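Working notes, structure below.
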Amino acid sequence: MACASRAAGWTPAVRPAAGRRAPPAARPAQLPPSRAVVGIDLGTSNSCVAVVSDGEARVLPAADGNSSVPSVVSFTQDSGSMLVGQEALDPVPRYQPARPAAKDGAQPQLRVSPADCFHSFKRLIGKKLEDVADEAARLTYAVGQGDRGEALVYSPTLDDMLSPEELSSFVLAHLKRQVEDVLGEPVTGAVVTVPAHFNQAQQGATHAAAQQAGIATVQLLQEPVAAALAYGINGGTDGDTVLVVDVGGGTFDVSVLQAFEGIMEVLGTAGDANLGGNDFDARLADWLEAECAAHGVAAPDHGARFVHEGQAHGWALEAAEAAKVALSRADAAEVALPGGASLALSRQQFEELTSELFQRMANVLEALGDALFIEWAVRPSDAVPGRPQGSNGSGSGSSGEQQQQQQDRWAPPPRRITQVALVGQLTRLPSVQQFVARCTGVQPRMTVDPAEAVALGAAIHAGVLLGELSGVELMDGSYSQDLHDRATGFSGWQP
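Reminder that position 266 of the sequence shown reads as 266 in full-length UniProt numbering, one-by-one numbering, no gaps.
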C-alpha cells in the first residue's frame with residue numbers, strides 16, 4: 001500500500017468499515033423539515049455559514065464571535081476525542097512554549113499531536129494519492145492510499161485512516177449544529193460551495209460529506225457564482241464580464257463569469273493551489289526574524305514548533321498576522337518584538353517584501369486572460385506593487401493596443417472586465433485591491449465583507465430556491481455541468 005508520509009517507517013493499514021470513526025449522528029428522522037435557509041462556504045483554511053432571515057442573508061458567528069471557523073479537525077492523545085474548529089487548534093499552539101518539566105524531568109505531553117491535527121484536507125478531497133503527492137509532502141500529517149487509490153490521512157492516536165470526506169463532514173456537522181443552536185430548529189438542507197475547477201469526483205465527494213454530516217438535501221454552488229450573488233452582480237440588460245478574485249488562506253483562484261439578466265456562467269478559472277494569505281504571513285515572518293537578528297534582538301526559544309499549514313515561524317508568524325491586519329486599516333503598522341522593542345512596517349515595505357507573491361498572482365491572471373482573450377487595462381505583471389513599472393523582465397507590453405496586435409486576426413474580439421468581486425481576508429488589504437483595480441481598470445465592489453461573500457452568496461442561492469428571496473434567476477445546473485464540466489448544483493432540492 002503506497003503512502004506519502006512525513007513519519008518514517010509508517011505502514012498504513014485500512015481497518016474494516018466498522019472500525020472507522022463514524023461522522024456525527026444525524027438528528028432524529030421524526031423532526032419536522034426545516035425552513036432554515038442555509039449556505040455554507042466549506043473553505044480550505046476556514047469555513048463559514050450564513051442564513052436568510054427576514055429577506056436578508058447574514059452570517060451566523062461562531063461561539064467565539066468570529067464569523068468563520070478553522071477547517072481543522074484534531075484528535076486528543078489521551079482519549080481520541082474529536083475536536084473541530086478553533087477548539088481543534090487551541091491545544092496545538094503555533095509554537096510550543098517552554099513548559100515546566102515534570103518532577104521526573106519529562107516534558108508534559110501536548111493534548112493534541114501535530115500529526116493528529118488535520119487541516120487543508122480540501123486539497124485532497126476526491127483525489128487519488130498519485131495526484132496529490134506534492135501536496136502531501138507539504139502537510140504536517142501522514143497521507144496514505146486507500147484500496148481504490150484514493151488519498152486518505154492517518155491518525156496515530158486512532159491508529160486508523162480517515163478520508164477527506166469524513167473530515168469535511170465533521171466540519172460541516174459542526175457548522176450545522178452552530179445553526180441549529182441559534183435557530184432552534186433542525187437543518188435538513190443546505191447549499192454548499194465548491195471551487196469552479198472541482199471535477200465530478202471532487203463535487204461528488206463534497207456532496208457525500210454534507211450528507212454524512214446529517215444534511216439530507218444538498219445542492220452545490222460554484223464559489224465565484226456565490227461571490228457574484230453576494231455582491232449583487234446580475235449583469236442587467238447590458239451584461240457584465242465579472243472577475244472574481246479569491247485569495248484564501250492557502251489558495252489563490254480567479255474566475256471570469258458572464259452575467260446577463262441574473263443568469264451567470266463561469267467562462268474560465270485558474271489558480272495557484274500553493275499561494276494564499278499564509279504565504280504573505282510567512283514572508284513577513286521571515287523579515288521580522290531577520291530584523292531581530294540584524295538588531296541583536298534575541299528571539300524567544302520555544303523549542304519544537306508547530307504551525308497550522310506547516311509554517312514554523314513561531315512568535316514571528318503571529319506578529320506578522322497582526323501587522324497584516326493593521327495594514328488593512330492604515331498605511332503603517334507597529335510590530336511588537338521580543339523584549340519590549342518594536343519595529344515600524346509601512347505598506348510600501350510590505351509590498352516590496354511580497355512583490356514576488358503578487359507576481360505569482362499576476363501570472364495566474366495573465367494565464368486566464370490569455371485563454372479568454374481578456375484585454376487588461378494594465379498587464380498584471382506591470383501592475384505588481386512594490387516594483388518599478390516595467391521591471392517584470394517579461395519583455396511584454398502592457399497596453400490593450402499591443403495585446404490586440406499579438407492576437408490572431410481570426411481570434412474572438414477581446415473581453416473587458418466590467419465588474420470585480422473580491423473574496424478572502426487578504427483582499428481587505430488596499431495593496432491587493434489597488435493591484436486588481438489597476439489590472440482591470442475597475443474598482444472592486446466592497447459592499448460586503450470579502451471573507452463572508454461566498455457564504456452569503458450560498459445563502460442567497462438557497463433563499464431563491466426556497467422562495468424566500470426573489471429577483472435572481474439562476475442558470476440550470478445540468479446545462480452548466482453538461483457543457484462546461486462545471487456544476488452549480490445537484491437536482492432534488494426539496495427540504
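Glycine is no exception: its CB is placed at the ideal position from the N, C-alpha and C atoms. Keep in mind the model is a prediction, meaning the values are calculated, not measured.
Could you tell me the alpha carbon to alpha carbon distance between residue i and residue j, rounded to whole angstroms?
i, j, result
"Val325", "Asp147", "44 Å"
"Asp78", "Arg111", "7 Å"
"Gly80", "His119", "17 Å"
"Phe350", "Phe358", "11 Å"
"Leu343", "Glu289", "11 Å"
"Tyr231", "Thr241", "14 Å"
"Ala459", "Gln258", "21 Å"
"Glu130", "Gly340", "48 Å"
"Ala49", "Val179", "In the sequence under discussion, the amino acid at residue 49 is Val, which differs from the Ala named in the question. Near 8 Å, if we compare the C-alpha coordinates of Val179 and Val49."
"Phe198", "Val420", "22 Å"
"Ala173", "Gly277", "26 Å"
"Trp315", "Arg283", "14 Å"
"Val143", "Ile215", "27 Å"
"Val52", "Glu468", "8 Å"
"Thr140", "Leu162", "15 Å"
"Ala320", "Ala137", "25 Å"
"Gly296", "Ala285", "16 Å"
"Cys439", "Trp287", "28 Å"
"Val153", "Val442", "43 Å"
"Asp238", "Gly386", "37 Å"
DSSP three-state label for residue i, please.
i, result
"Gly397", "Interpretation of Gly397 is limited by its pLDDT of 39, a score under 50 that renders its predicted location unreliable; no figure is taken from the coordinates."
"Met161", "strand"
"Ala316", "helix"
"Asp134", "helix"
"Thr193", "strand"
"Arg111", "coil"
"Gln419", "strand"
"Leu60", "coil"
"Phe121", "helix"
"Lys128", "strand"
"Gln212", "helix"
"Pro70", "strand"
"Leu288", "helix"
"Leu83", "strand"
"Thr140", "coil"
"Leu469", "coil"
"Glu351", "helix"
"Val432", "helix"
"Pro24", "Note that Pro24 scores a pLDDT of 41, beneath 50, so its modelled location is shaky; the value from the coordinates is reported in the next line. If DSSP states are grouped into helix, strand and coil, Pro24 belongs with coil."
"Pro380", "helix"
"His207", "helix"
"Glu375", "coil"
"Asp331", "coil"
"Gly65", "coil"
Looking at the unbroken beta strand (DSSP E) that takes in residue i, where does it start and where does it end?
i, result
"Glu166", "Element bounds for Glu166: not the beta strand (DSSP E) but the alpha helix (DSSP H), 164 to 183."
"Asp240", "240 to 247"
"Ala50", "46 to 53"
"Val218", "217 to 222"
Tell me where the alpha helix (DSSP H) around residue i begins and ends.
i, result
"Ala453", "453 to 465"
"Asn363", "355 to 372"
"Phe75", "Not the alpha helix (DSSP H): Phe75 falls in the beta strand (DSSP E), residues 73 to 75."
"Leu89", "86 to 89"
Quick test of your reading: residue i and residue j, contact by CB under 8 Å. State the CB separation rounded to the nearest angstrom.
i, j, result
"Thr44", "Ser71", "6 Å"
"Arg428", "Ser328", "4 Å"
"residue 500", "Val59", "Residue 500 lies beyond the range of the chain shown here (1 to 495); nothing can be said about it."
"Ala323", "Leu345", "5 Å"
"Val171", "Ser47", "6 Å"
"Leu372", "Leu243", "With 8 Å as the limit, Leu372 and Leu243 do not qualify as a contact, their Cβ atoms being about 10 Å apart."
"residue 497", "Ala62", "A question about residue 497 goes unanswered here, because the residues of the chain that appear run from 1 up to 495."
"Pro444", "Ala437", "6 Å"
"Gly463", "Ala210", "The Cβ separation is near 18 Å, so there is no contact."
"Val245", "Leu422", "5 Å"
"Ala151", "Val132", "5 Å"
"Gln222", "Val194", "7 Å"
"Gly149", "Lys128", "5 Å"
Could you check whether the Cβ of residue i sits closer than 8 Å to any Cβ belonging to chain C?
i, result
"Ala282", "The structure shown contains no chain C, having only a single protein chain."
From the DSSP output, which residues share a beta bridge with residue i?
i, result
"Asp272", "Phe252"
"Gln443", "DSSP lists no partner for Gln443."
"Ile263", "Phe260"
"Gln145", "Ala151"
"Ser342", "Ala336"
"Leu426", "In the DSSP output, where bridge partners are listed per residue, Leu426 has none listed."
"Gly39", "Ala50, Val191"
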